[in-house]
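Q: Structure in structure tokens, see below.
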Amino acid sequence: ASQQHVIVTNTPGANATAVAETALMHMLMSGRLFYQERQSITDETDAPAKGQEVSHKKIGIIGFGAIGQKIDELLTGFNVEVLAYARHSKSVKNGRMATLEEIYSQSDFIVLALPATSDTQNMIDAEVFKKMKNTAVLVNIARGAIVDENALFNA
857 ASQQHVIVTN TPGANATAVA ETALMHMLMS GRLFYQERQS ITDETDAPAK
907 GQEVSHKKIG IIGFGAIGQK IDELLTGFNV EVLAYARHSK SVKNGRMATL
957 EEIYSQSDFI VLALPATSDT QNMIDAEVFK KMKNTAVLVN IARGAIVDEN
1007 ALFNA
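Here is the structure:
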């Protein structure tokens, strides 16, 4: 780039708030079965069960960089316990650092906020889905390659 006189910049965390708000929106909408309720109105069928609240739940955040930390911050008013996972220990405003196993087995909502790498490709596979609560909601604001689509379809 320097040989071509092209300026290259990096703005880590610049979109953290927007992405974190999107994650929170999906948690709220999925928890309340918004998508199913909308479809039942369109189909003129009975609405599904009421779903679950985000308040007073365990929220697993896998990937605790700028976006994961912003999600933690936005969840402050919801009285949740955050279980966060990152390669390096960090301060968690509404909870604590946790292992992946704890997050998979204890979380009511799991938010994926980590980069897609060779280490994270298909990280959420059939074995992970077996460990999750059957009522857990998975919110992927990361890359699609992190979730094994066949395992998701069969979960």
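Per this note's numbering, the very first residue in the sequence shown carries number 857; after that it's consecutive.
Positions of the beta carbon are idealized from the N, C-alpha and C atoms, including for glycine.
Since this is a predicted model, take the numbers as computed values, not measurements.
Under the DSSP definition of a beta bridge, which residues are partnered with Arg888?
A: BP columns for Arg888 are empty, so no partner.
Q: Could you name each continuous beta strand (DSSP E) segment of 3 residues or more that falls completely within the segment 896 to 925, going from the start of the chain to the end?
A: Qualifying beta strand (DSSP E) stretches, in chain order: 914 to 918.
Q: Give the range of the alpha helix (DSSP H) segment to which Asn1006 is assigned.
A: Where Asn1006 is concerned, the enclosing alpha helix (DSSP H) stretches over 1005 to 1010.
Q: Following the continuous beta strand (DSSP E) through Phe985, name the residue where it begins and the one where it ends.
A: Counting along the chain, Phe985 falls outside any beta strand (DSSP E), though it belongs to the alpha helix (DSSP H) covering 982 to 987.
Q: When burial is assigned at 16 or more other CB atoms within 10 Å of the CB, is Phe920 buried or exposed?
A: By the 10 Å Cβ count, Phe920 comes out buried.
Q: With Ala940 and Asp928 assumed to form a contact (beta carbons below 8 Å), what rounded beta-carbon distance in angstroms separates them?
A: That belief holds up - the Cβ atoms of Ala940 and Asp928 are roughly 7 Å apart, short of 8 Å.
Q: Secondary structure at Val875, three-state DSSP: helix, strand or coil?
A: Three-state result, Val875: helix.
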